[in-house]
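Just so we're aligned: 800 in this note's numbering is position 181 of the sequence shown, and the numbers increase by one with no gaps anywhere.
Notes for the one structure printed next.
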Amino acid sequence: MRRAIAIVALIATGCSAPINHEPATGPIDWKSLADGSRFYIRDTGVVIETSRCWQTSGGFDCVSVETFERESHEIWRTFRNTLEGPTQLNGSGYSCRTSFLDSALYSETISIDRRTKLATNFVFPKRGAPENWSAEFVEKLLSEAGITEGPYFRCAQLAEILREGSWASLGTSLVSHDDIVPPASPEAPPPSS
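Structure below.
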């Protein structure tokens, strides 16, 4: 019981504090994958950044992961016009985090920015505790708050793949666009002029 309380406290502190690391600089080495998507990995020394992007009619629909000192994954979805530069988490919208300290712990967050969280859901799926948020709940809260970035995706499903493998799993056939993006999810917006 103490271990569970300590882990929840550790994750809660980590999820509420802004993440301060300097992104790596220089060109991104995007790899083309068999399904037409693009993938990159960068190790900044503190964080391993990975991103997988699928081309859509409006640009690129991307899922990105930051792995912190092999202790947790922060996962989010963004739309991009181009693949220039890293897909750095801006803190706005829906994201989730997994913990390597307790394989049963997973959290979802909806934020206005890195410092202002609207709601956090701590889920213990293997212990029968609260369920994941539904797409409808997330999209309703994002809409009410006027947040247009960081749309819903099946974060729990991707988190489980990463927890059972590693950040490198994002660049394999274990992850597909159709598996993590629900059919009713927003399409990437058209590129800005």
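No residue lacks a Cβ here, since even glycine has one placed at the ideal position from N, Cα and C.
None of these values were measured; they are calculated from a predicted model.
Per DSSP, Glu755 lies in no beta strand (DSSP E) segment; the continuous alpha helix (DSSP H) that holds it begins and ends at 754-763.
For Ile729, the enclosing beta strand (DSSP E) covers residues 725-730. Residue pairing for Ala787: DSSP places it in no beta bridge. Per the DSSP secondary-structure output, Phe687 pairs in a beta bridge with Val666, Ser691. By the neighbour-count criterion, in which a residue is buried when 16 or more other Cβ atoms sit within 10 angstroms of its Cβ, Ser753 is exposed. Taking the Cα of Arg773 as reference, the smallest distance to any Cα among Asp798, Ser788, Ala653 is reached at Asp798. DSSP, reduced to helix, strand and coil, places Asp797 within a helical segment of the structure shown. Between Ala778 and Thr717, the gap from beta carbon to beta carbon is short of 8 Å.
DSSP places Leu781 in the helix class (H, G or I) of the three-state scheme. For Trp673, DSSP records a beta bridge to Asp680.
Look at Ala775 here: in three-state DSSP terms it is helix. In this structure, Ser714 lies away from Gly784, with their beta-carbon atoms at least 8 Å apart. Per the coordinates, the alpha-carbon of Ser711 lies some 12 Å from the alpha-carbon of Ala738.
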